[in-house]
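Residues 1 to 320 (the UniProt record's numbering) make up the sequence shown, in order.
Beta carbons are placed, not taken as given, at the ideal position from N, Cα and C, and that holds for glycine.
These notes are about the structure you will find just below.
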Amino acid sequence: MRAMRYERFGRPEVLVEADVPAPVAGPGETLVRVEAAGVNFGDIKQIAGEHTDGPYAPRGPLPRVPGMEVVGRTAAGRRVLGYVRQGGYAEQTVVADRDLVALPEGVSAGEALAVLVQGLTAWHLLRSVARIRPGESVVVHAAAGGTGSLVVQLAREFGAGRVIATASSDDKRAFALEAGADAAVDGAAEGYRERILDANHGRPVDIILDAVGGPVLDGALDALGYLGRLVTYGASSRQPASAIAPGRLAVDSISVAGFWVVPLIARDGAGGAALAELLDLTARRRLRPLVGAEYDLARARDAHEDLLGRRTKGKLVLRP
1 MRAMRYERFG RPEVLVEADV PAPVAGPGET LVRVEAAGVN FGDIKQIAGE HTDGPYAPRG
61 PLPRVPGMEV VGRTAAGRRV LGYVRQGGYA EQTVVADRDL VALPEGVSAG EALAVLVQGL
121 TAWHLLRSVA RIRPGESVVV HAAAGGTGSL VVQLAREFGA GRVIATASSD DKRAFALEAG
181 ADAAVDGAAE GYRERILDAN HGRPVDIILD AVGGPVLDGA LDALGYLGRL VTYGASSRQP
241 ASAIAPGRLA VDSISVAGFW VVPLIARDGA GGAALAELLD LTARRRLRPL VGAEYDLARA
301 RDAHEDLLGR RTKGKLVLRP
């Protein structure tokens, strides 16, 4: 079967098309013929060799086929959404039954892929970690991305009083406003606090969800109000942030937390109430996942380069 694999660690150019043996499902697994595969930053980190242990770590020696999420059909013809640790960039893959769910009618492949890793991340950022309360203000960094655009919509769905988006360009900020943000501002570190407070009518904010890191994270702390919460779940800037002094957290009564959805999936499986709610909201058009560019499987390298270059909006999809 056709697949994209990497034989050494490195940048996206190490991905090559190859003819590989079809996988065989074992006990508690299902073989899925892949209709579409999702692209994530985690895939890029895997082929770069940045995750050699922990939940992101692939199984077995090189070469490997990356890809964590797929939509496809079982041998019985059932259309499903599945999470895999690796192997999604292929015409067929094997999915553990605990990580496989049936797709409701009216949910496209791209939408389903968007609400798996990224949708679950958005849901848990707001519900499990930030513990959003009705009326609170929420700042969403990188709000035009796959996760950010879902956070904007879910914050509104969960009763946020004001949703403020940050993004790096005018068109991305315009998209965030269309997704439901009340305000959208430049997310650069310089002048960050002033822009956020201005967007929140001069008041500090309750929740900030950060996937950028570096100096932006440092600036975000200055924009939090009493009992404010900052949740970090990525570092797309690839820049270090300053050390956070515990005394400052105590004096300002703010908290900083981290979140990574993959360990949660490894522990509980991809199915469950959160994913069921996300798929139901999507089927009822209460949630509109942004599906970005689609690429032929052979162009997986281009998808990775575009994601790294911040030239994308929404969920990127590969089509075998």
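- Counting only runs of 4+ residues, the alpha helix (DSSP H) found wholly inside the region 48 to 128 occupies 109 to 114, 117 to 124, in chain order.
- In this structure H304 is buried. Its beta-carbon is surrounded by 16 or more other beta-carbon atoms within 10 angstroms.
- CA-to-CA, the gap between G213 and G77 works out to about 43 Å.
- In this structure, the beta-carbon distance from R284 to Q153 does not fall below 8 Å.
- DSSP, reduced to helix, strand and coil, places A223 outside both helices and strands of the structure shown, so it counts as coil.
- V34 has its alpha-carbon roughly 21 Å from the corresponding atom of A276.
- Around the beta carbon of S149, 16 or more other beta carbons sit within 10 angstroms, so the residue counts as buried.
- Secondary-structure assignment with DSSP links A188 through no beta bridge to anything.
- The region 110 to 130 and the region 183 to 201 do not touch, with fewer than three beta-carbon pairs separated by less than 8 Å.
- Within the same chain, Y295 come within 7 Å of D302 by CB-CB distance, once the 5 residues on both sides are set aside.
- DSSP assignment within the region 247 to 294 yields the following whole beta strand (DSSP E) runs of 3 residues or more, N-terminal first: 255 to 258.
- In the DSSP assignment, D171 falls outside any beta strand (DSSP E) and lies within the alpha helix (DSSP H) extending over 170 to 179.
- Taking each of L31, Q118, V139 in turn and checking the Cα distance to G87, the smallest one comes out for L31.
- Annotated three-state conformation of E305 is helix, per DSSP.
- 8 Å or more divides the Cβ of R2 from the Cβ of E69.
- For A142, no alpha helix (DSSP H) run applies, since DSSP gives it neither H nor E.
- For D210, DSSP records a beta bridge to T232.
- Residue state for E7 is assigned as coil, using DSSP reduced to three classes.
- Looking at the backbone, the Cα of I208 and that of P27 are separated by about 43 Å.
- Between the region 181 to 188 and the region 107 to 115 there are fewer than three C-beta pairs closer than 8 Å, too few to call the two in contact.
- Counted as a single uninterrupted DSSP element, the beta strand (DSSP E) harbouring G38 occupies residues 29 to 38.
- Here P134 is exposed, its C-beta having fewer than 16 other C-beta atoms within 10 Å.
- The way I'd put it, the region 258 to 274 does touch the region 218 to 237; three or more beta-carbon pairs between them come closer than 8 Å.
- Listed in chain order, the non-local C-beta contacts of R73 below 8 Å within the same chain comprise V32, R33, E35, R79, V80, local neighbours out to five positions each way being set aside.
- Of the candidates A167, K172, G219, G219 places its Cα closest to the Cα of G191.
- Of all alpha-carbon atoms in R11, D19, R8, the one lying nearest the alpha-carbon of P320 is that of D19.
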